[in-house]
Amino acid sequence: MEPVPQIPVGSSSSERRRMTLAYVEAAECISEPVNREPPSREAQLLTLQNTSEFDVLVIGGGATGCGCALDAVTRGLKTALVERDDFSSGTSSRSTKLIHGGVRYLQKAIMKLDIEQYRMVKEALHERANLLEIAPHLSAPLPIMLPIYKWWQLPYYWVGIKLYDLVAGSNCLRGSYVLSKSRALEHFPMLQKDKLVGAIVYYDGQHNDARMNLAIALTAARYGAATANYMEVLSLLKKTDPETGKQRVSGVRCKDVLTGQEFDVRAKCVINATGPFTDTVRKMDDKNATAICQPSAGVHIVMPGYYSPENMGLLDPATSDGRVIFFLPWQKMTIAGTTDTPTDVTHHPIPSEEDINFILNEVRNYLSCDVEVRRGDVLAAWSGIRPLVTDPKSADTQSISRNHVVDISESGLITIAGGKWTTYRSMAEDTIDAAIKEHNLKAGPSRTVGLFLQGGKDWSPTLYIRLVQDYGLESEVAQHLATTYGDKAFEVAKMASVTGKRWPIVGVRLVSEFPYIEAEVKYGIKEYACTAVDMISRRTRLAFLNVQAAEEALPRIVELMGRELNWDDYKKQEELETARKFLYYEMGYKSRSEQLTDRSEISLLPSDIDRYKKRFHKFDADQKGFITIVDVQRVLESINVQMDENTLHEILNEVDLNKNGQVELNEFLQLMSAIQKGRVSGSRLAILMKTAEENLDRRVPIPVDRSCGGL
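In the UniProt record's numbering, the protein residues as written are 1 to 711.
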C-alpha cells in the first residue's frame with residue numbers, strides 16, 4: 001500500500017473532500033451518546049483488554065488526542081485512547097487560555113504575502129466560533145485592548161485588526177473599535193498614561209483549557225470510545241502485511257501506571273498524538289526516524305485580579321525582545337505571558353525565575369507608576385512545552401508557524417504534530433481522514449462541527465440561578481459550578497454537603513477564597529481523577545490560580561479522595577508529598593521559597609529593624625529568640641481571639657524556613673525585608689502580628705485572612 005501524502009493544512013473541509021479522499025463503505029455514524037454517563041475507568045480498562053481489535057487507537061490524552069478519539073468514534077469507528085498521565089496533564093492545561101485566530105499570524109501573512117499563514121488564520125477563526133458554540137459553559141468572547149503610544153501606530157494597527165474581523169467574516173465575535181485616551185483609561189485605569197494616544201479593542205475567545213480538554217475526553221467516552229488515563233505505552237506492536245510483506249503497526253503494549261498491570265491493545269490504526277513527545281513515539285516505530293518537532297517553552301504567571309479589569313485583556317504586540325505578551329483576566333485572577341524559548345522535552349517543565357521576571361518587567365512597562373508590580377504578587381507560575389513543527393530554515397522557534405502536519409510512516413503509524421489549541425478539532429478531522437484512507441477503514445464523514453461537548457447542550461447563562469434556588473448554594477459557588485460543569489452542575493450540587501449554616505445551605509468550600517466545594521472532589525473521581533495532583537490542577541484549577549491556596553486545600557482533598565478510593569494512610573501521605581512536590585517545582589512554589597531563603601539580603605533600615613524586633617518580642621515574651629504556636633495562641637487569647645490550631649500551624653509553616661516548628665527572629669526579619677522589596681505579599685503571619693500589636697490595648701478581633709496570598 002502506498003503511503004498517503006501529507007494533507008495541506010490550510011485546506012477547508014470542502015477542499016479536503018474534493019481531493020482523493022473517499023470513505024470506504026461508510027459505517028453508520030453515531031448521532032447520540034451511547035452512554036448517559038462516561039463509564040468508570042475500571043470498565044474502560046476491561047474494554048481495552050477484552051476487545052480483540054479496535055479500528056483506531058490514539059496515543060495521547062491532550063486536546064488533539066482526545067479530539068481524534070471523539071472524531072473517530074462519532075464516525076462509527078471502534079475507538080480507544082491511552083494517556084500515560086492524566087488527560088490534559090501536559091501542554092493542553094498550560095496554555096494562555098485563549099481561543100484565537102492569531103492576530104500576529106495574520107500580520108505575518110500580510111507582511112510576507114504568506115498564503116499558508118492566511119489559511120491558518122482563517123481556519124482558526126472558524127474553529128474559534130465552533131468551540132465557543134459547542135462548549136458555551138467553558139468559553140466566552142473576551143475583549144482585548146491594544147494600547148497605542150505613537151500616533152502612526154493607530155492607523156497601522158486599526159487596519160490590521162479590521163482585516164482580522166474581515167477574515168473572520170460571519171464568524172466574527174464582535175466588531176473591533178477604537179477608544180480615545182480617556183475611554184481607554186476608563187476601561188483600564190491602571191494603564192500607563194504618559195504618551196498614551198488611545199487604544200484599539202478587538203475580540204477573541206477565552207476558555208478553561210484543562211476542563212475543555214476533559215470535556216472532549218468525557219464526550220468521547222460517552223459516545224463509546226474506550227479512554228483511559230494513566231496507561232503508558234511501552235512499545236508498538238507490529239505484524240507482517242500479507243500483501244506487501246512489510247511490517248505494519250498493529251497495536252501497543254501498555255502498562256497501567258497505577259497497578260503495574262501490562263497488556264496488549266490491538267488496532268487497525270495507531271495514531272501518535274503525544275504533543276512534545278511526538279518523536280519519542282516515532283522512534284518506537286523507527287529508531288532512525290528524524291525529529292519533526294522542535295519544543296518551545298512558554299511561561300505564564302498568575303497575579304491578583306486587581307491587576308486587570310474584570311472583563312478586558314491587554315496585548316503588548318512588541319515586547320523588549322520582540323515577543324508578544326498577553327495580560328488577561330481569568331477566573332477572577334490575572335494571567336500574564338508568555339515566553340517563547342527553545343527547551344528540552346520533559347514531563348515536568350519548571351518555570352524559571354528569569355522568565356518570571358521578564359514577564360513582570362513587561363507588565364511594569366504597561367502599568368501606571370501608581371501600581372507597584374511586586375514579585376510577591378505572583379500567585380502561581382507554570383511552563384508549557386509547545387510542540388512546534390520544525391522548520392530547518394529557521395534559527396529560532398519564534399518564527400516557526402504553529403501549523404500542523406499529518407505524517408504517515410512506512411509501517412502505517414499516523415502522527416499528528418504541531419498546531420495549537422484552537423484548531424484541535426480540524427487537526428483531528430485531518431488525522432482521521434488520513435487514517436481512513438491509509439488503513440481502508442469503514443467510516444463516515446466527520447461530525448464534530450457543532451457537536452456539543454459534555455455539559456454544553458443544556459447550559460444557559462442563567463443556569464446558576466436554578467442552582468441557588470433549588471439547592472441553596474452561594475451565588476458565587478453556583479456560578480462557578482455552572483461555568484465549570486455546564487448542565488452537569490446539578491449532579492455536583494446533589495453531592496454537596498450541608499453546611500450547618502442558615503446560608504448557604506449546602507456547599508462546603510475547600511478554601512475560603514475560592515468557590516471550589518468538597519463535592520467537586522467526589523465528582524472529580526467520576527471524571528477519572530486518580531491523584532491529588534489531578535484534583536488540584538485539572539478538575540479544580542487551584543494550582544493554576546494560587547499555589548498556596550492549593551497547598552492549604554490538599555489535606556482535605558486527600559482525605560476526601562482517600563474515602564472514595566480506599567487509600568490507606570501510607571497512600572494518603574504519598575499523595576500529599578507528590579502533590580506538594582508538583583506545586584513546589586512545576587507551579588512556582590519553589591520560587592516563593594527562594595524569595596525567603598536569601599539570608600544575605602535583610603536590607604532594612606535600623607529603625608525598621610528595631611520596630612520589627614519590638615513586634616516580634618510581643619510574641620516572644622520570654623526572649624528565647626523564636627516563637628511557636630503556643631506563643632501565638634497566648635497573644636490571641638489575650639485579645640479574645642479564637643483561631644483553629646491547624647490554621648495557626650499553616651500560618652507559621654509559611655515562614656518557618658528551617659521546618660522545625662518555630663519562627664526565629666532572623667526568619668521574621670527576612671520576611672519583613674522581602675515584603676518591603678515586593679518579593680512577598682499577603683503573608684498571614686505578618687498581617688496577624690502587625691494587627692495584634694495594634695490591637696493589644698483595644699482588644700478587638702483581628703483579621704487573619706490572606707490579602708492575596710502571593711508568592
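No residue lacks a Cβ here, since even glycine has one placed at the ideal position from N, Cα and C.
Beta-carbon proximity of residue i to residue j, cut-off 9 Å
i, j, result
"Ser411", "Lys283", "no"
"Ser253", "Val233", "The sequence shown places Arg at residue 253, not Ser. Yes."
"Val406", "Pro351", "no"
"Arg539", "Glu520", "yes"
"Thr448", "Thr74", "yes"
"Val167", "Lys122", "yes"
"Leu565", "Leu542", "no"
"Pro387", "Pro276", "yes"
"Ser320", "Asn361", "yes"
"Asp86", "Asn229", "yes"
"Asp279", "Ile271", "no"
"Val558", "Glu575", "yes"
"Thr338", "Gly305", "no"
"Thr531", "His100", "no"
"Ser603", "Lys677", "yes"
"Asn50", "Tyr223", "no"
"Ala336", "Val371", "no"
"Asp55", "Lys268", "yes"
"Asp644", "Asp631", "no"
"Asn365", "Asp286", "no"
Which listed residue (the options) has its alpha carbon closest to that of residue i
i, options, result
"Glu37", "Glu527, Ala621 and Phe619", "Glu527"
"His617", "Gly500, Met120 and Phe668", "Phe668"
"Ser250", "Asp86, Ser40 and His439", "His439"
"Met231", "Glu513, Leu45, Leu652 and Gly224", "Leu45"
"Asp487", "Lys287, Leu467, Ser497 and Arg364", "Leu467"
"Ile59", "Ile517, Cys68, Tyr471 and Thr51", "Cys68"
"Gly61", "Gln49, Thr274 and Met212", "Thr274"
"Pro329", "Tyr612, Gly205 and Glu664", "Gly205"
"Met212", "Thr334, Ser93 and Tyr202", "Ser93"
"Lys238", "Lys255, Arg266 and Tyr223", "Arg266"
"Ala417", "Ile436, Gln294 and Met111", "Gln294"
"Leu106", "Ser95, Gln153, Thr91 and Leu163", "Leu163"
"Glu650", "Gly625, Phe626, Asn640 and Arg684", "Arg684"
"Trp459", "Ala135, Ile325, Lys624 and Asn288", "Ala135"
Other residues of its chain near residue i: CB distance less than 8 Å, five sequence neighbours each side excluded
i, result
"Ala184", "Met145, Pro147, Leu191, Leu196, Gly198 and Ala199"
"Arg599", "Unreliable placement is indicated for Arg599, whose pLDDT of 47 sits below 50; the coordinate value is still reported in the next sentence. The answer, listed in chain order, is Asn666 and Gln670."
"Arg425", "Gly67, Asp71, Glu127, Asn130, Leu131, Thr448 and Val449"
"Ala220", "Cys66, Ala69, Leu70, Val73, Thr79, Leu81 and Thr227"
"Lys571", "Gly562"
"Ser235", "Val252, Arg253 and Met284"
Residues bridged to residue i [DSSP beta-bridge criterion]
i, result
"Phe327", "Leu314 and Ala336"
"Met231", "Asp256"
"Ser296", "Pro342 and Arg386"
"Glu664", "Phe626"
"Cys269", "Val56"
"Gln247", "Thr240"
"Phe263", "Cys254"
"Met303", "Thr334"
"Val506", "Val498"
"Thr531", "Per DSSP, none; premise fails for Thr531."
"Phe408", "For the record, residue 408 in the displayed sequence is Ile; it is not Phe. Looking at the DSSP assignment, Ile408 forms a beta bridge with Ile414."
Cβ shell of residue i (< 7 Å), same chain only, five flanking positions each side left out
i, result
"Cys369", "none"
"His126", "Asn171"
"Ile216", "Ala63, Cys66, Gly67, Leu70 and Leu453"
"Glu474", "Pro504 and Gly507"
"Gly455", "His137, Ala215, Tyr485, Gly486, Asp487 and Lys488"
"Ala550", "Ile536, Leu542, Ala543 and Leu583"
"Val492", "Leu481, Tyr485, Ala519, Glu520 and Tyr523"
"Pro39", "Ala221"
"Glu693", "Arg615 and Lys618"
"Val533", "Thr578, Ala579 and Phe582"
Cβ neighbours of residue i in the same chain (closer than 6 Å, five flanking residues each side left out)
i, result
"Arg84", "Glu232"
"Ser180", "Gly198"
"Ala381", "Ile301, Pro351, Ile356 and Gly588"
- Query: Which residue spans inside the segment 37-72 form an unbroken beta strand (DSSP E) run of at least 3?
  - Reply: 54-59
Only counting runs of 4 or more residues, tell me where the alpha helix (DSSP H) segments fall wholly within the UniProt domain "EF-hand" (607-642), in order along the chain.
For the UniProt domain "EF-hand" (607-642), the continuous alpha helix (DSSP H) assignments of 4+ residues that do not extend past its boundaries occur at 629-638, in sequence order.
Within the segment 117-201, ranges of the beta strand (DSSP E) (whole runs, at least 3 residues): 139-148 and 177-180
At 4 residues or longer, what runs of the alpha helix (DSSP H) sit wholly inside the segment 410-454? 424-439
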